[in-house]
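Below: the structure, in structure tokens.
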Amino acid sequence: MSPKLRVAIGGASGQTGLNIVTALLAESAKFKIIALVRPESVDKEVFVDLQQRGVAIRAVAFTDLPAVVAALEGVDIVISCLAVEQKEVEIGLIHAAKQAEVGRCVPSFFATVCPPRGVQSVRDAKEDLLDHIRRLYLPYTVIDVGWWYQLSVPLVPSGKLNDLVSAPAMSLAGQGDTQNAFTDNRDIGKYVARIIADERTINKHVFVYNEVSTQEAIWSKVEELMDESIPRKYVSSTYSTLGPRPFSGQGNSLWQADEARHLTSCVRVAPL
Ligand SMILES: NC(=O)c1ccc[n+]([C@@H]2O[C@H](COP(=O)([O-])OP(=O)(O)OC[C@H]3O[C@@H](n4cnc5c(N)ncnc54)[C@H](OP(=O)(O)O)[C@@H]3O)[C@@H](O)[C@H]2O)c1
Numbered sequence: 001m002s003p004k005l006r007v008a009i010g011g012a013s014g015q016t017g018l019n020i021v022t023a024l025l026a027e028s029a030k031f032k033i034i035a036l037v038r039p040e041s042v043d044k045e046v047f048v049d050l051q052q053r054g055v056a057i058r059a060v061a062f063t064d065l066p067a068v069v070a071a072l073e074g075v076d077i078v079i080s081c082l083a084v085e086q087k088e089v090e091i092g093l094i095h096a097a098k099q100a101e102v103g104r105c106v107p108s109f110f111a112t113v114c115p116p117r118g119v120q121s122v123r124d125a126k127e128d129l130l131d132h133i134r135r136l137y138l139p140y141t142v143i144d145v146g147w148w149y150q151l152s153v154p155l156v157p158s159g160k161l162n163d164l165v166s167a168p169a170m171s172l173a174g175q176g177d178t179q180n181a182f183t184d185n186r187d188i189g190k191y192v193a194r195i196i197a198d199e200r201t202i203n204k205h206v207f208v209y210n211e212v213s214t215q216e217a218i219w220s221k222v223e224e225l226m227d228e229s230i231p232r233k234y235v236s237s238t239y240s241t242l243g244p245r246p247f248s249g250q251g252n253s254l255w256q257a258d259e260a261r262h263l264t265s266c267v268r269v270a271p272l
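If you're matching positions, the sequence shown starts at 1 in the UniProt record's numbering and goes up one per residue.
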């Protein structure tokens, strides 16, 4: 039997990280999981629970390079599930992974696919991470997913979905008819388990998705299921002709403009 892969995860308590940890725990014969946790979060219930389920918890300030290097000792794969706002923290993690001679780094992409620069500011921030990784000659795997299902469902006028959809889709890009990739966030762990156990994915971009659809198809399906019509708000696809904007880390208008630019420039690649 091959030895277990030792996988360290930064951001294990987040929406994406927790799904990845859960899927890796389900394959405990293959993976040994280590959660890197900032000290102020270590007492959170989620980490107490993960420890009880067999995850090794290593409390470490991500900005303390020697401490992170020590925490990564013996690790085969480091996966970052930090949010894009934590870009500088993640750059520290990348440097630590290099110093600790980690065999593979999976940076926090889990994103929509579009050209690497000047189209989508969030994408640009992620490409900066990849630049760091490549400059260090650190083996990597980039994983992209399209849009999470969880961000793709609109609300209905009656308010019946308000408590169910925490991050609703607010507008349609262009005419809403561009084909795009969509993935259920709850499936990401199963994809990641498969990808990181596969040597072919070293130094590759992997694009996984559950299905390809359009915003209009999703909105129409919600209308059919809820028996309500949803007023459409279209965002002009001419956004795509605008130059890049610096990522502010917040602001709905920026995210929506990004959505418009992305949806007019989606590239589809065959799944793994
Ligand atoms: N494709 C899509 O539709 C889509 C949508 C949203 C996000 N994403 C991508 O998915 C990835 C993960 O995002 P997410 O939404 O899952 O993130 P999230 O839920 O916000 O989780 C962020 C994680 O980072 C940790 N963290 C925050 N600040 C930290 C710090 N200073 N030091 C160490 N850890 C810190 C948090 O842990 P504690 O607070 O517990 O310490 C938490 O575990 C990102 O790359 C994001 O861009 C993709």
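Positions of the beta carbon are idealized from the N, C-alpha and C atoms, including for glycine.
Subject >> Assigned secondary structure, Leu136 (DSSP; H/G/I helix, E/B strand, else coil) >> reply: coil
**OP:** Could you please give me the residues that DSSP links to Ile94 through a beta bridge?
**Re:** Partner(s): none; Ile94 has no beta bridge.
**OP:** Say yes only if the C-beta of Phe110 is nearer than 6 Å to one or more non-hydrogen atoms of ligand 1, and no if none qualify.
**Re:** yes
**OP:** Note down the Cα distance separating Glu90 from Glu228, rounded to an integer number of angstroms.
**Re:** 43 Å
**OP:** May I have the straight-line CA-CA distance separating Arg232 from Glu40, to the nearest angstrom?
**Re:** 43 Å
**OP:** Write down the C-beta distance between Thr112 and Lys204 rounded to the nearest angstrom, noting that I regard them as a contact closer than 8 Å.
**Re:** The pair is not a contact, with the Cβ atoms about 18 Å apart (cut-off 8 Å).
Original post:
Is the region 168-186 close to the region 216-224, with three or more CB pairs under 8 Å?
Top reply: yes
**OP:** Determine whether the Cβ of Gly17 lies closer than 7 Å to any Cβ atom of chain D.
**Re:** Although the question refers to chain D, the structure presented lacks it and comprises just one protein chain.
Subject >> Top-ranked residue by Cα proximity to Val7, from Glu211, Val106, Gly159 >> reply: Val106
**OP:** Report whether the distance from the Cβ of Val119 to the nearest heavy atom of ligand 1 is below 6 Å.
**Re:** no
**OP:** Assuming Phe110 and Asp144 form a contact by the criterion Cβ under 8 Å, report the distance between their Cβ atoms to the nearest whole angstrom.
**Re:** 7 Å
**OP:** Determine, using beta carbons only, whether Pro154 and Ala169 come nearer to each other than 7 Å.
**Re:** yes
Original post:
Do Ile188 and Thr16 have their C-beta atoms closer together than 7 Å?
Top reply: yes
Original post:
Using 8 Å as the threshold, is the region 85-103 in touch with the region 117-124, meaning 3 or more CB pairs across them?
Top reply: no
Original post:
Does ligand 1 have even one heavy atom less than 6 Å from the beta-carbon of Gln179?
Top reply: no
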